[in-house]
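Here the structure is laid out as structure tokens; the discussion comes afterwards.
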Amino acid sequence: MFTQKYKYKFKVITALSIASLVTLSACTSVPEETVMIVNPTVNDEVYSFHTHQLVNGYTDRLAHDLFKNLRGRDITQSVVVTSFVNLDGTLQNTQKLGNLVSESLLGQVQAYEIPIIDIHLMGGVNITPTGDYAFSRDVSEILYSHKAGYILAGVLIKNERGFTVNARIMDLRTKNIVSAASTFIPTYVVDAI
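Just so you know, the sequence shown maps onto residues -26 to -1, 1 to 167 in mature numbering (1 follows the signal peptide of the UniProt record, and there is no 0).
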């Protein structure tokens, strides 16, 4: 009886093993399909959104470090976020990356429940045949009546591998830096903008 029981188990295990082998070998005998892509097109909107997400990942970390470094300081006065500028002799030149970093940080500052002023907001809406606009870079059109207490600004430092982004939050009254942080954005991310 002892051997009968093992013979039965051996037969069951053997049958299951053979069934598994047959099933697995059937997977390898299915002919492969050839897929041919003709004239692939890239949707620019999706591509730029993906690029923004890449830059946004770096600025998210930058914002986290900036607000972690505040060390318990309670910011109740409004913050103005400016364009991040190239580190050059004038500190007045920016580029697409500098504007994208500042726009990204604008939303992230709000997420930390810090009051923020958008300095590009016009006094009203400019309605034109091509669209309705609320933002401007023309000083004569901008409504800037709020008193900001802090400014978030930064510089872009280019090297062969990409850009170092240095950001700081400064108290406008005392000119003290209340927080500073840096991140590095690789060239492949910047080139995709």
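Each residue gets a CB set at the ideal place from its N, CA and C atoms; glycine is no exception.
Please report how far the alpha carbon of Y32 lies from the alpha carbon of D106, in whole angstroms.
A direct Cα-Cα distance of roughly 31 Å separates Y32 from D106.
Reduced DSSP category for Y124 - H, G, I as helix; E, B as strand; rest coil:
In this structure, Y124 counts as strand in the three-state DSSP scheme.
Through-space distance from L28 to P89, alpha-carbon basis:
C-alpha separation (whole angstroms): 26 Å.
Beta strand (DSSP E) containing V152: first to last residue?
Under the DSSP assignment, V152 falls in the beta strand (DSSP E) whose first and last residues are 151 to 160.
Using C-beta distances below 6 Å, list every residue in its chain close to P160, excluding the 5 sequence neighbours before and after it, in chain order.
If we look at P160 and ignore the five residues flanking it on each side, its Cβ neighbours are G136.
Please list, in chain order, all residues of the same chain as D39 whose beta carbon is under 6 Å from its beta carbon, the five residues on each side excluded.
Excluding its 5 nearest sequence neighbours in each direction, D39 has C-beta neighbours in its own chain below 6 Å: A155, listed in chain order.
Element boundaries [alpha helix (DSSP H), containing L80]:
Run containing L80: 70 to 85, per the alpha helix (DSSP H) assignment.
Which of the three DSSP states, helix, strand or coil, is assigned to S110?
In the displayed model, S110 falls within coil according to three-state DSSP, outside both helix and strand.
One question on the structure: do L95 and A37 come within less than 9 Å of each other, judged by their Cβ atoms?
A37 sits away from L95, with the two beta carbons spaced by 9 Å or more.
Please report the straight-line C-alpha distance between D145 and V55, rounded to a whole angstrom.
C-alpha separation (whole angstroms): 13 Å.
Pull the bridge partners of F137 from the DSSP assignment, please.
According to DSSP, which records beta bridges pairwise, F137 is partnered with K132, I159.
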